[in-house]
Amino acid sequence: LIEVRLVNGVLRATVEVNGTTYDVGVGDTFAGSYLVVSLTEDSGVFTFGDTAFELGVGQQILK
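Structural data, given as structure tokens:
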């Protein structure tokens, strides 16, 4: 999770998956199977398939 910012009153996140950067909001699907479940000012909850996970700004998951 690169950053979370407020855009026109809505939280948006910048995330990177396999070298591709995505600008996403709650409910958006990105990189095929990832879904944004919720965002706060410094973290996000995502799902990949049936697995939910939370990332703070600056955190990453390596596969």
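Per our numbering, the very first residue in the sequence shown carries number 173; after that it's consecutive. Glycine residues also receive a C-beta, built at the ideal position from the N, C-alpha and C atoms.
Reference residue i, options the options, closest by Cα
i, options, result
"residue 180", "207, 190, 228, 197", "197"
"residue 216", "206, 205, 228, 182", "228"
"residue 206", "214, 183, 226, 182", "226"
"residue 183", "220, 199, 224, 234", "199"
"residue 234", "174, 219, 189, 213", "189"
Start and end residues, beta strand (DSSP E) containing residue i
i, result
"residue 223", "223-228"
C-alpha distance - residue i paired with residue j, whole-angstrom precision
i, j, result
"residue 176", "residue 222", "23 Å"
"residue 187", "residue 202", "9 Å"
"residue 191", "residue 208", "18 Å"
Check whether residue i and residue j have beta carbons under 9 Å apart
i, j, result
"residue 178", "residue 231", "no"
Report the start-end ranges of each beta strand (DSSP E) in the segment 176-200 that is 3 residues or longer and not cut off at the edges. 182-189, 192-196
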